[in-house]
Ligand code: NAD
Ligand code: TDX
């Protein structure tokens, strides 16, 4: 099977490439990636001779069309993915997430190729902190940030291309991922690498905000379950019952790294900060039989801490610039 993976040099896409090569001996993988600041070709170094890597923009039809024509399956991870960046500079999010997906969909339509669209639970907006409700496939779209609104837009394009043009597509909306190869701008790797660099972790606002954590391998296994057994035109929510508030996550990281539980700073809150995300993945579990493997968040987090401790050369060159960027807007609160 010829698989085109967009965004395969980013966090989840690179893990998808590794997982696919390990579990699907018949897969021939081409990665299309613009190699933005978020990509790290080092994430693919160990499999570089087993894949084709094309540097290009998913919004460039001249690049996209021949690659799609040469594929049996397209899995679309490429995106601008960081909420904080989308508040500072939304334009590139519209280009990559909306125009990029449109460009890909047109190539899918012309070439009649199976398509799987990777999206996020953030399209549903946020939930109250303490009412126990969770997102399902029928929750109305209500995105909060430029990032999540461009992801919601891309999902709606896919639904319209299924209905109007009959493309063979499925969509998944997943909760917050953690694991190896995640950029140090994101919450968990930022705090781990802060501690490893002698910097105090930084908690936005009160730290009460809740995210529903899933290990990236569980996400990617669910993606394959949907590609193999999902119904064309349908959406599946992916989540592993991993709700934790941000403060608890930071305290666990500090404990795993042998630091006092209060060795972190409260900093300025993110504007429009979503309170809580939580996924009801009943459909995926009952219809497709998927189950998460990483059911103990603490041990998954411990393995992730070990990965960052053992792979300093992967993240150290990025760290200074990321922290300098955060320092421009972030203030430590008393
Ligand atoms: P990432 O930022 O780590 O990687 C994104 C990749 O896309 C990078 O390699 C980048 O170079 C590439 N890219 C960016 N613009 C491009 C363009 N115009 N053309 C081609 N390539 C381009 O992101 P991630 O965390 O791996 O997220 C991957 C996908 O999963 C995204 O669609 C994101 O919305 C979705 N998602 C992420 C999470 C999460 O917790 N990280 C959760 C749910 C869904
Ligand atoms: O330094 C920090 N301190 C902090 O308290 C950072 C970077 C984040 N936070 C908070 C904000 C969020 O409540 O931690 C939580 C997680 O933040 P991010 O890692 O930026 O993730 P989030 O905004 O929840 O979005 C992520 O999950 C859904 C991904 O970045 C998206 O791509 C995905 O769609």
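Numbering (my numbering), first residue to last: 1439 to 1772. Where a beta carbon is used, it is the ideal one built from N, C-alpha and C, also for glycine. Quantities reported herein were computed from a predicted structural model and do not represent experimental measurements.
**C-beta contact flag for residue 1678 and residue 1650 at 9 Å** = In the chain shown, counting from the first residue as 1, residue 1678 sits at position 240. In the chain shown, counting from the first residue as 1, residue 1650 sits at position 212. It is a contact, given that the beta carbons lie within the stated cut-off.
**Item:** Strand pairing of residue 1776, partner residues [DSSP]
**Value:** Limits of the chain in this structure are 1439 at one end and 1772 at the other, which puts residue 1776 out of reach.
**Message:** Check whether chain B comes within 9 Å of residue 1636, counting only Cβ atoms and requiring the distance to be less than that.
**Reply:** The displayed structure is made up of one protein chain only, and chain B is not part of it.
**Message:** Taking the beta carbon of residue 1770 as the centre, do at least 16 other beta carbons fall within 10 Å, making it buried, or is it exposed?
**Reply:** Counted from its first residue, the chain shown places residue 1770 at position 332. Here residue 1770 is exposed. Its C-beta has fewer than 16 other C-beta atoms within 10 Å.
**Prompt:** Tell me which same chain residues have a C-beta within less than 8 Å of the C-beta of residue 1589, skipping the five on either side of it?
**Reply:** Position 151 of the chain shown, counted from the start, is the residue given in the question as residue 1589. For residue 1589, where only same-chain residues beyond five positions count, the Cβ hits under 8 Å are 1517, 1535, 1557, 1558, 1560, 1561, 1581.
**Message:** According to DSSP, is residue 1708 part of a helix, a strand, or is it coil?
**Reply:** Here residue 1708 corresponds to residue number 270 of the chain shown, with the count starting at 1. Looking at residue 1708 - three-state DSSP - the assignment turns out to be coil, as it is neither helix nor strand.
**Request:** Grab me the residues of residue 1631's own chain with a C-beta within less than 7 Å of its C-beta, minus the 5 sequence neighbours each way, in chain order.
**Result:** One-based indexing of the chain shown puts residue 1631 at position 193. Result list for residue 1631: 1622, 1746, 1753, 1757, in chain order.
**Message:** Quick test of your reading: residue 1619 and residue 1523, contact by CB under 8 Å. State the CB separation rounded to the nearest angstrom.
**Reply:** Taking the first residue of the chain shown as position 1, residue 1619 is located at position 181. Taking the first residue of the chain shown as position 1, residue 1523 is located at position 85. Cβ-Cβ separation between residue 1619 and residue 1523: approximately 18 Å, too far for a contact (criterion under 8 Å).
**Asked** Hey, out of 1672, 1661, 1750, whose CA is closest to residue 1450's CA?
**Response** The sequence position of residue 1450 within the chain shown is 12, counting from 1. Relative to the Cα of residue 1450, the nearest Cα in the group 1672, 1661, 1750 belongs to 1661.
**Request:** Give the range of the alpha helix (DSSP H) segment to which residue 1544 is assigned.
**Result:** Here residue 1544 refers to the residue found at position 106 when the chain shown is read from its first residue. First-last of the alpha helix (DSSP H) with residue 1544: 1538-1549.
**Message:** Just to check my reading of the structure: residue 1469 and residue 1511 have Cβ atoms closer than 8 Å, yes? What is that Cβ distance to the nearest angstrom?
**Reply:** Position 31 of the chain shown holds residue 1469. Position 73 of the chain shown holds residue 1511. Residue 1469 to residue 1511, Cβ: 13 Å. No contact.
**Prompt:** How many whole angstroms separate the CB atoms of residue 1633 and residue 1692, which I take to be in contact at a CB cut-off of 8 Å?
**Reply:** Taking the chain shown and counting its residues from 1, the one referred to as residue 1633 is at position 195. Taking the chain shown and counting its residues from 1, the one referred to as residue 1692 is at position 254. With 8 Å as the limit, residue 1633 and residue 1692 qualify as a contact, their Cβ atoms being about 7 Å apart.
**Item:** Through-space distance from residue 1682 to residue 1652, alpha-carbon basis
**Value:** Here residue 1652 refers to the residue found at position 214 of the chain shown. Here residue 1682 refers to the residue found at position 244 of the chain shown. Each residue's alpha carbon lies about 11 Å from the other.
**Request:** Could you pull out every residue in the same chain whose Cβ sits closer than 8 Å to the Cβ of residue 1595, ignoring the five residues on either side in sequence?
**Result:** For the purposes of this step, residue 1595 is taken as residue 157 along the chain shown, with counting starting at 1. The residues are 1536, 1539, 1540, 1543.
**Asked** Since residue 1611 is in the beta strand (DSSP E), which residue starts that stretch and which ends it?
**Response** Counted from its first residue, the chain shown places residue 1611 at position 173. Start and end: 1607-1612.
**Request:** Tell me whether residue 1739 is buried or exposed, calling it buried when 16 or more other Cβ atoms sit within 10 Å of its Cβ.
**Result:** Here residue 1739 is taken as the residue at index 301 of the chain shown, counted from 1. Residue 1739 should be labelled buried.
**Message:** If I follow the unbroken alpha helix (DSSP H) through residue 1754, where does it start and stop?
**Reply:** Counting from one through the chain shown, the residue named residue 1754 turns up at place 316. Residue range 1750-1767 is occupied by the alpha helix (DSSP H) that includes residue 1754.
**Request:** With hydrogens ignored, establish whether the beta-carbon of residue 1426 is closer than 8 Å to any heavy atom of the ligand NAD.
**Result:** Any property of residue 1426 remains undetermined from this structure, which presents the chain solely from 1439 to 1772.
**Item:** Where the alpha helix (DSSP H) through residue 1579 begins and ends
**Value:** If you number the chain shown from 1, residue 1579 lands on position 141. Careful: residue 1579 lies outside any alpha helix (DSSP H) and carries neither H nor E.
**Message:** Looking only at its chain, what residues have a beta carbon closer than 6 Å to the beta carbon of residue 1688, apart from the 5 residues adjacent to it on each side?
**Reply:** Here the question's residue 1688 lines up with position 250 in the chain shown. Within the same chain, and ignoring the five residues on either side of residue 1688 in sequence, the residues whose Cβ sits closer than 6 Å to its Cβ are 1629, 1639, 1641, 1702.
**Request:** Assign residue 1644 to one of three DSSP states: helix, strand, or coil.
**Result:** For the purposes of this step, residue 1644 is taken as the residue at position 206 of the chain shown. It is coil, neither helix nor strand.
**Item:** Assumed close pair residue 1708, residue 1521 - CB separation to whole angstroms, cut-off 8 Å
**Value:** On the chain shown, position 270 is the one that residue 1708 refers to. On the chain shown, position 83 is the one that residue 1521 refers to. Residue 1708 to residue 1521, Cβ: 7 Å. Contact.
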